[in-house]
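Under numbering that gives the first Met the number 0, think of the first position of the sequence shown as 0, with each following residue one higher.
For every residue, glycine included, the Cβ atom is placed at its ideal position computed from N, Cα and C.
Reviewing the structure listed below.
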Amino acid sequence: MIMENTPATHYVGIDYLRAFFSICVVVWHENGFTQPDIKNYGEFSGHVFSVSDFMNYHVLLAAVPSFFLIASFLYIAKNRTSAYLKQRVYNLCLLALFWMVLLTIYAYNYNGLYALAPKSVGDALVIFLTAGSTPYYFFISLCFVTILTHFANKLSTRANIILFLISTCIFTLSPLIAIKTKSWYLTVFWNPMNFLSYPFAAIVIYRLHNQLLKLRNRYQWGIFISLIVIAALTAIAEWKYYLDPIFLCGQKIALPVYTRTSVLISSVAFLLTPLLIRFPSNTIISFMSKYSLALYCLHAFSFRIFYNQAHFPTLSKSIWIVITLSIGLSYILAITLRVFIRDKYILTINNNSS
0 MIMENTPATH YVGIDYLRAF FSICVVVWHE NGFTQPDIKN YGEFSGHVFS VSDFMNYHVL
60 LAAVPSFFLI ASFLYIAKNR TSAYLKQRVY NLCLLALFWM VLLTIYAYNY NGLYALAPKS
120 VGDALVIFLT AGSTPYYFFI SLCFVTILTH FANKLSTRAN IILFLISTCI FTLSPLIAIK
180 TKSWYLTVFW NPMNFLSYPF AAIVIYRLHN QLLKLRNRYQ WGIFISLIVI AALTAIAEWK
240 YYLDPIFLCG QKIALPVYTR TSVLISSVAF LLTPLLIRFP SNTIISFMSK YSLALYCLHA
300 FSFRIFYNQA HFPTLSKSIW IVITLSIGLS YILAITLRVF IRDKYILTIN NNSS
C-alpha cells in the first residue's frame with residue numbers, strides 16, 4: 000500500500016504507468032498492431048472483434064486519456080496555485096507551438112508552414128486545437144484539462160462526483176448524437192471535450208483513495224474488478240452502436256477514438272492500480288517515466304528516419320524493428336538535446352510532476 004497523501008508523496012507506480020503508456024503512444028502512431036477494416040468506408044458492417052482491436056482501441060488508445068488522468072491527479076496532489084496554473088498553461092502552449100513548427104518544417108520543409116496559415120476563423124480554431132494536424136494537439140487538450148482541474152478542485156467532493164456522472168452521461172451520448180446529426184467534430188480525437196470527465200474523476204480518486212486503502216483487500220479488488228467489468232460491458236455496447244462512417248471524418252477510423260466510456264473507466268482502473276499496489280523502484284522505469292514526454296515529442300521525428308524506404312528499404316518492412324529503433328533513437332536524442340535545451344518542461348518529467 001502507499002503512504003497517506005502529502006504534497007511530497009512520490010507515486011512510484013505512476014512511473015510504471017507513464018513508462019508503459021509512453022510506449023503505447025508510439026506503437027499506436029506507428030501502427031504496431033494491424034488496424035483492420037474499420038478504417039475504410041463500407042467495410043466494417045460485418046466486422047468481427049479481434050485481438051488486434053482490443054490492443055489498438057482498448058489498450059493503446061487508453062494512453063492519452065490515462066496521461067490526462069494522471070496529470071490531473073498529480074496537479075491536485077501538488078496543491079498547485081493560480082500563479083502556477085498561468086505558468087503551466089503558458090508552458091503547454093509553448094510546447095505545442097515549438098514542436099508543431101519543428102515537426103512541420105522537418106516533414107514538409109518550410110513550405111509546410113504556409114499550410115498553417117488560417118483561411119477563416121473556423122480554420123484557425125481547427126489549426127489551434129489540432130496543433131497544425133500534429134500529435135501535439137495533446138498539449139492543447141492538456142491546457143483545457145489543467146484549467147478545469149484547477150477550478151473543479153475548489154468544489155466539494157460531492158459536487159465533483161455529480162459533475163463526473165453528468166459529464167460521463169454527456170460523454171456516452173455524444174457519439175450517438177454525432178451519428179444522428181452527422182456532427183463528426185463532436186467526437187473527433189482532437190476535441191478537448193473528449194476529456195471533460197477526467198478532471199472530476201481525478202479529483203474524486205485523489206480525495207477518496209486513502210479511504211479506499213483502509214478497506215479490506217477483497218473490497219479494494221472488488222471495486223477494481225467491477226471497473227474492468229463495466230469497461231468490458233460498455234466496450235461491447237460501443238462496438239455494437241458506435242461503428243459508423245461519420246467517425247471516419249477527421250480521424251479515418253469508424254469508431255470514436257477517445258469519446259468512449261470504456262476508455263474512461265479503464266483509465267480510472269489503470270490509475271487505481273499503482274494506488275492499491277506498492278511498486279518497487281526501478282531505474283529503467285524511472286528513466287522511461289522521466290523521458291515519457293521526450294518520447295512523445297521526438298518519436299514522430301525518429302520514426303520518419305527509419306521508416307523512410309529510400310534510406311532503409313529493408314527496415315521499413317518490419318514495423319516492430321522500426322518502432323524499437325525509433326524509441327531508442329528518441330531516448331538518445333532526448334539525452335543529447337538536454338545539453339542544449341535545458342528547460343525541463345520541454346523534454347523531461349521529474350518527481351511525478353503534473
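| Query | Result |
| --- | --- |
| Nearest to Phe302 (by Cα), restricted to the options Ile284, Ala123, Cys248 and Leu324 | Leu324 |
| Cβ shell of Gly131 (< 7 Å), same chain only, five flanking positions each side left out | Met99, Thr103 and Leu115 |
| 4 or more residues per run - each alpha helix (DSSP H) lying fully within the region 217-282 | 260-275 |
| Per-residue burial, Lys289 [other beta carbons within 10 Å of its own, 16 or more giving buried] | buried |
| Nearest residue (CA-CA) to Gly249, options Phe20, Ala123, Val24 and Tyr184 | Tyr184 |
| Cβ separation of Phe194 and Ser261, assumed to be a contact under 8 Å, to the nearest whole Å | That belief does not hold up - the Cβ atoms of Phe194 and Ser261 are roughly 15 Å apart, past 8 Å. |
| Local Cβ density within 10 Å of Leu73, reported as buried at 16 or more and exposed below that | buried |
| Contact check, Trp189 vs Phe48, beta carbons under 9 Å | no |
| Cα-Cα separation between Ile204 and Ser81, rounded to whole angstroms | 22 Å |
| Proximity of Gln219 and Leu226 at Cβ, strictly below 9 Å | no |
| Cβ-heavy atom distance, Phe127 to the ligand FMN, below 8 Å | The ligand FMN is absent from the structure shown, which contains no ligands of any kind. |
| CA-to-CA distance, Ile304 to Val11, given in whole angstroms | 33 Å |
| Alpha helix (DSSP H) runs contained entirely in the region 90-174, provided each spans 4 or more residues | 120-129 and 136-151 |
| Between the CA atoms of Ser317 and Leu84 - distance to the nearest angstrom | 43 Å |
| Gly31, enclosing alpha helix (DSSP H) - first and last residue | Run containing Gly31: none; DSSP gives neither H nor E here. |
| Three-way DSSP call (helix, strand, coil) for Lys179 in this model | helix |
| Same chain only: Cβ atoms within 8 Å of Trp27, ignoring 5 sequence neighbours per side | Asn55, Leu59, Leu60 and Ala62 |
| Coarse secondary structure for Ser81, derived from DSSP in three states | helix |
| Tyr295 - containing alpha helix (DSSP H), residue span | Ser291 to Tyr306 |
| Touching by the beta-carbon criterion (3+ pairs, under 8 Å), the region 292-301 and the region 265-276 | no |
| Nearest candidate by alpha-carbon position, reference Ala333, set Phe97, Val228 and Ser291 | Ser291 |
| DSSP-derived helix/strand/coil call for Phe286 | helix |
| Tyr56, enclosing alpha helix (DSSP H) - first and last residue | Premise fails: Tyr56 is in no alpha helix (DSSP H) and is neither H nor E. |
| Cα-Cα separation, Tyr105 to Gly111 | 9 Å |
| Residue environment, Ile224, which counts as buried when at least 16 other CB atoms sit within 10 Å | exposed |
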